[in-house]
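Novice:
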Amino acid sequence: MGRAPCCEKMGLKKGPWTPEEDRILIVHIKKHGHPNWRALPKQAGLLRCGKSCRLRWINYLRPDIKRGNFSKEEEETIINLHDMLGNRWSAIAGRLPGRTDNEIKNVWHTHLKKKAAAVLKQNQKANTNTNNNNNSDDHKQNSKQNVDSFESFPVIDESFWTDTSLSENSSNLTSDFGGGLNEFAIGHHDYGGGMDFWYNILVTSGADSLTLPF
DNA sequence: AATCAGTACAACCGCCGCCCG
DNA sequence: TCGGGCGGCGGTTGTACTGAT
Numbered sequence: 001m002g003r004a005p006c007c008e009k010m011g012l013k014k015g016p017w018t019p020e021e022d023r024i025l026i027v028h029i030k031k032h033g034h035p036n037w038r039a040l041p042k043q044a045g046l047l048r049c050g051k052s053c054r055l056r057w058i059n060y061l062r063p064d065i066k067r068g069n070f071s072k073e074e075e076e077t078i079i080n081l082h083d084m085l086g087n088r089w090s091a092i093a094g095r096l097p098g099r100t101d102n103e104i105k106n107v108w109h110t111h112l113k114k115k116a117a118a119v120l121k122q123n124q125k126a127n128t129n130t131n132n133n134n135n136s137d138d139h140k141q142n143s144k145q146n147v148d149s150f151e152s153f154p155v156i157d158e159s160f161w162t163d164t165s166l167s168e169n170s171s172n173l174t175s176d177f178g179g180g181l182n183e184f185a186i187g188h189h190d191y192g193g194g195m196d197f198w199y200n201i202l203v204t205s206g207a208d209s210l211t212l213p214f
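The first sequence begins at 1 in UniProt numbering and counts up by one.
#1: The alpha helix (DSSP H) that contains Trp89, what's its start and end?
#2: Can you tell me whether Ala126 is helix, strand or coil according to DSSP?
#3: Return yes when the Cβ of Asp83 is within less than 7 Å of the Cβ of Ala93, no when it is not.
#4: Count Cβ pairs between the segment 36-47 and the segment 66-80 that sit closer than 8 Å; are there 3 or more?
#5: Could you check what DSSP says for Ser71 in three-state terms: helix, strand or coil?
#6: Counting C-beta neighbours from all protein chains within 10 Å, is the total for Ser90 16 or more, i.e. buried, or is it exposed?
#7: Excluding sequence positions up to five away, which residues of its chain have a Cβ less than 8 Å from the Cβ of Leu112?
#8: What did DSSP end up calling Thr77 once you bin it into helix, strand or coil?
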């Protein structure tokens, strides 16, 4: 028997999300968490499949998403990690707080791939010049050291966003939208550049305040 | 000003592995 | 032990944007 389609196509919307859909999803997850993605759209009143909701939340709506260009350090990290791990985007994303696997995948395919290829070519050229015992093991070893050096990164795992953390952590934390919206931080989490988005959600929702789940 | 090519990125698709009944 | 449901993942596509001609 064939596998059931990921969602019933009948009547379910596809394509770009509207601000209103975003707002509904955010409000619902803030209130109820996401114990069951498949059931979520129905409960929230969204004409989307669960996968679409999950992707939208993970890749765009989660408040810990870091927006904006990748720094040089981040790009180097991605190149090193890709060298070590291959196309394991989620594993790479786990080492880059605030970045999603989708975002990393995109940035890799758009320009880092070329960059890495250029570096590789350069290295190969250098290697043929110096010839000898260079071996890829040395290279791997160096890469591994680079990777190991990121072990201390604060990795935000999925448990951070569980229902419990959402409901408990959000209960007494309300972000202050006064003042500059371009930079804000709570504890050690830096949300630079992301507040315009949350401000828009607040405005379009018509609410007086928006409590963020962190 | 119009057109085209390249780039960026959001979103979808289908497969895979884990978990639970 | 097995099969189905589900979430997660990587590959791919579609489209908006931007710069060059």
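All C-beta atoms, glycine included, are put in the ideal place defined by N, C-alpha and C.
Specialist: If we stick to the structure as given:
#1: If you number the first sequence from 1, residue 89 lands on position 89. Residue range Trp89 to Gly94 is occupied by the alpha helix (DSSP H) that includes Trp89.
#2: Locating residue 126 in the first sequence gives position 126, counting from the first residue. Helix.
#3: For this step, residue 93 is matched to residue 93 along the first sequence. For this step, residue 83 is matched to residue 83 along the first sequence. Here Ala93 is not near Asp83, since their CB atoms are 7 Å or more apart.
#4: Counting C-beta pairs closer than 8 Å gives fewer than three between the segment 36-47 and the segment 66-80, which falls short of the contact rule.
#5: Sequence index remark: in the first sequence, residue 71 carries index 71 (1-based). When DSSP states are grouped into helix, strand and coil, Ser71 belongs to the coil group.
#6: The residue you call residue 90 lines up with position 90 of the first sequence. With fewer than 16 other Cβ atoms within 10 Å, it is exposed.
#7: One-based indexing of the first sequence puts residue 112 at position 112. Sequence-distant Cβ neighbours of Leu112 in its own chain, meaning closer than 8 Å and more than five residues away, are Glu75, Ile78, Ile79 and His82.
#8: Translated into the one-based positions of the first sequence, residue 77 becomes position 77. Helix, per DSSP.
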